[in-house]
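The structure under discussion appears below in the form of structure tokens.
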Amino acid sequence: MSDTITALVTLKPAEGKKEEPGCLGYEMYYNEDEGTYLLVETFKDAAAVEEHRNSEWFKKATQEGLSGKLEGPPVSKIVKKVGGFRK
């Protein structure tokens with residue numbers, strides 16, 4: 001894997017999320033064929049998303065951990081879950 005994933009793992013994102021009461025979940029996926037990452041974060045509401053974006057962990061991750069390591073800007077989308085299941 002690339003330096004990007006190493007930076008993300010080094011920052012211990014799951015630990016940062018535990019400090020955010022509005023963060024309900026965090027999952028990271030890597031597609032080896034495309035060399036792309038998918039980060040899925042689940043928050044209880046819009047206020048929790050805003051709290052996350054203002055957190056020290058988020059600032060550290062975006063300013064120090066990922067700076068200069070991505071080929072382009074990250075794509076961020078807020079979506080509403082409409083179905084699915086988890087085992």
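Going letter by letter, the sequence shown gives residues 1 to 87 in UniProt numbering.
All C-beta atoms, glycine included, are put in the ideal place defined by N, C-alpha and C.
Computed from a predicted structure; not experimentally measured.
Asked: Just to confirm, are Tyr26 and Tyr37 a CB contact at a threshold of 8 Å?; Found: no
Asked: Secondary structure at Val40, three-state DSSP: helix, strand or coil?; Found: strand
Asked: DSSP three-state label for Glu56, please.; Found: helix
Asked: Suppose contacts are defined by Cβ-Cβ distances below 8 Å. Is Gly68 in contact with Ala48 by that definition?; Found: no
Asked: Let me know the secondary structure DSSP gives Glu27 once reduced to three states.; Found: strand
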